[in-house]
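J.:
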Amino acid sequence: MPIREVLALVLLGAIWGASFMFMRVAAPEFGIFALVEVRTVLATLVLLPVVLLKKQQGDMRRFFWPIFAIGAINTAIPFALFNYASLHLEAGVNAILNATAPMFGAMVAFIWLHERLSKIAVAGLGLGFVGVFVISEQKVSGGQLSAVPIVAACLATCCYGIAACMMKRWLTGAQPLAVATGSQAVASVLLFPLAVMEWPQTMPSANAWTNAVALAVAGTGIAYILYFHLISAVGPSKAITVAYLVPLFAIVWGLIFLREAMSLQTLIGGACILSGVAMTTGITKLFGRRGFAPAK
350 MPIREVLALV
360 LLGAIWGASF
370 MFMRVAAPEF
380 GIFALVEVRT
390 VLATLVLLPV
400 VLLKKQQGDM
410 RRFFWPIFAI
420 GAINTAIPFA
430 LFNYASLHLE
440 AGVNAILNAT
450 APMFGAMVAF
460 IWLHERLSKI
470 AVAGLGLGFV
480 GVFVISEQKV
490 SGGQLSAVPI
500 VAACLATCCY
510 GIAACMMKRW
520 LTGAQPLAVA
530 TGSQAVASVL
540 LFPLAVMEWP
550 QTMPSANAWT
560 NAVALAVAGT
570 GIAYILYFHL
580 ISAVGPSKAI
590 TVAYLVPLFA
600 IVWGLIFLRE
610 AMSLQTLIGG
620 ACILSGVAMT
630 TGITKLFGRR
640 GFAPAK
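For the sequence shown, this note's numbering begins at 350 and goes up steadily by one.
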């Protein structure tokens, strides 16, 4: 992988890792649905000019109904669920649970698309869910919180897995950036009534607004552009490895800016999840056989 793309991959991991910190700060003041509304509206405003510049807006009309469904399943619902989870879980824990998305994607693809699962992939699923249990057991049995926020985060990642299969089934041939832009716009429309009902009576602080704008502009708009650049430059199998950087950066940002501590049990659970995802997605085979190509 050329050094420029390696740096882009690290930058994307840092941005997406910071997104969980942004949610952690902004969600308590904005509320669950108002924050999603701010995020999706601003992200649409960032992404739409790029789509128009690339003349990809035709795909937003051509694939309207599939994009509408993706807007609900891949954006509106999981964004709201993660905002709820952010009210109760540390940024690093949320990011670790978010990393289970490829596992849910593999399960849904097996059930719906009849894709095969190797023995290693099945073992990876088991190991990943052991990791979720390890994290949940510590949080719940220690009396820190109920299992509901953890279930909410897992439901959000399950939505991502379902959406990935929906895109494979119904959006083959559509430009990914057009799909991402359309899904943000759809989510903003779907959640607008709830956002109006929930809009905070007291204006959120400047700090909350800064984090909300950063979540929308950097964590959603710029991050999508960077991610799709990586897919076109190095291919999806290498671009998806950003999933392993996101929890690491989320933990680091949480430690530095939010003074969040990670227990040994949480780190062990996170290691189980990331190892399970690597086994499920075949990343271990990718790096074991190919490695990184030197920059040309």
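Backbone N, C-alpha and C fix where the C-beta goes; we use that ideal spot for every residue, glycine too.
Can you have a look at H463 and say buried or exposed, based on whether 16 or more other CB atoms are within 10 angstroms of its CB?
T.: Sequence index remark: in the sequence shown, residue 463 carries index 114 (1-based). Its Cβ having fewer than 16 others within 10 Å, H463 is exposed.
J.: With Q533 as the anchor, note down where its alpha helix (DSSP H) starts and where it stops.
T.: For this step, residue 533 is matched to residue 184 along the sequence shown. Q533 -> alpha helix (DSSP H) spans 525 to 539.
J.: Give the C-beta separation of V457 and I511 to the nearest angstrom, bearing in mind that I take them to be a contact with Cβ-Cβ under 8 Å.
T.: On the sequence shown, residue 457 is found 108 positions in, with the first residue counted as 1. On the sequence shown, residue 511 is found 162 positions in, with the first residue counted as 1. Indeed, because the Cβ distance is near 5 Å, the residues count as touching under 8 Å.
J.: Once you ignore the five residues that flank C508 on each side, which residues in its own chain have a CB closer than 8 Å to its CB?
T.: Here the question's residue 508 lines up with position 159 in the sequence shown. The answer, listed in chain order, is I422, N423, I426, P427, L430.
J.: Would you be able to state if there are at least three C-beta pairs under 8 Å between the segment 569 to 577 and the segment 526 to 537?
T.: The segment 526 to 537 is in contact with the segment 569 to 577.
J.: Taking C-beta to C-beta, are H647 and P498 nearer than 9 Å?
T.: What is shown of the chain runs 350 to 645, which leaves residue 647 out entirely.
J.: Measure from the alpha carbon of A444 to the alpha carbon of each residue in G473, T506, I460, then state which is nearest.
T.: For the purposes of this step, residue 444 is identified with residue 95 of the sequence shown, where counting begins at 1. Checked all of G473, T506, I460; the closest Cα to A444 is T506.
J.: For F369, which residues of its own chain have a beta-carbon under 6 Å away from its beta-carbon, when the five flanking residues on both sides are left out?
T.: Position 20 of the sequence shown, counting from 1, holds the residue named residue 369. A440, N443, A444, A599, listed in sequence order.
J.: Look at the alpha carbon of K404 and the alpha carbon of T389, and state the distance between them as a whole number of angstroms.
T.: Here residue 404 corresponds to residue number 55 of the sequence shown, with the count starting at 1. Here residue 389 corresponds to residue number 40 of the sequence shown, with the count starting at 1. Cα-Cα distance, rounded: 21 Å.
J.: Going by beta-carbon coordinates alone, are I589 and P451 separated by less than 9 Å?
T.: Here residue 589 refers to the residue found at position 240 when the sequence shown is read from its first residue. Here residue 451 refers to the residue found at position 102 when the sequence shown is read from its first residue. It is a contact, given that the beta carbons lie within the stated cut-off.
J.: Out of G420, P553, F606, I574, which has the shortest C-alpha to C-alpha gap to L660?
T.: An answer regarding residue 660 cannot be provided, because it is not within the stretch 350 to 645 covered by the chain.
J.: Are there 16 or more other CB atoms within 10 angstroms of the CB of M552, so buried, or fewer, so exposed?
T.: Residue numbering aside, residue 552 sits at position 203 when the sequence shown is read from its first letter. When all chains shown are included, M552 counts as exposed.
J.: Does DSSP put S554 in a helix, in a strand, or in coil?
T.: Against the sequence shown, residue 554 aligns to sequence position 205. Coil at S554, not helix or strand.
J.: Just mark T521 as buried or exposed, buried being the case when its beta carbon has 16 or more other beta carbons within 10 Å.
T.: In the sequence shown, the residue the question calls residue 521 occupies position 172. Per the 10 Å Cβ criterion, exposed.
J.: List the endpoints of the continuous alpha helix (DSSP H) containing I589.
T.: Mapped onto the sequence shown, residue 589 falls at position 240. First-last for I589: undefined, no H or E at that position.
J.: Can you list, in chain order, the residues of its chain whose CB lies under 7 Å from that of A642, leaving out five sequence neighbours each side?
T.: Taking the first residue of the sequence shown as 1, we reach residue 642 at position 293. With a pLDDT of only 36 at A642, under the threshold of 50, the placement of this residue in the model should not be trusted; the figure read from the coordinates follows. The answer, listed in chain order, is M350.
J.: Buried or exposed for A644, going by 16 or more other Cβ atoms inside 10 Å?
T.: Stepping through the sequence shown from its first residue, residue 644 is reached at position 295. In this prediction, A644 has a pLDDT of 38, which is less than 50 and means its spatial position is unreliable; what the coordinates show is noted afterwards. Classification for A644: exposed.
J.: Enumerate in chain order the residues of its own chain whose CB-to-CB distance from S495 is below 8 Å, with the five nearest sequence positions on each side excluded.
T.: Along the sequence shown, read from residue 1 onward, the residue named residue 495 stands at position 146. Same-chain partners within the cutoff: V489.
J.: Report buried or exposed for P398, applying the criterion of at least 16 other Cβ atoms within 10 angstroms of its Cβ.
T.: Here residue 398 refers to the residue found at position 49 when the sequence shown is read from its first residue. It counts as exposed.
J.: With a 10 Å radius around its C-beta and 16 neighbouring C-beta atoms as the bar for buried, classify P585 as buried or exposed.
T.: Within the sequence shown, the letter at position 236 stands for residue 585. P585 is exposed by the Cβ-count criterion.
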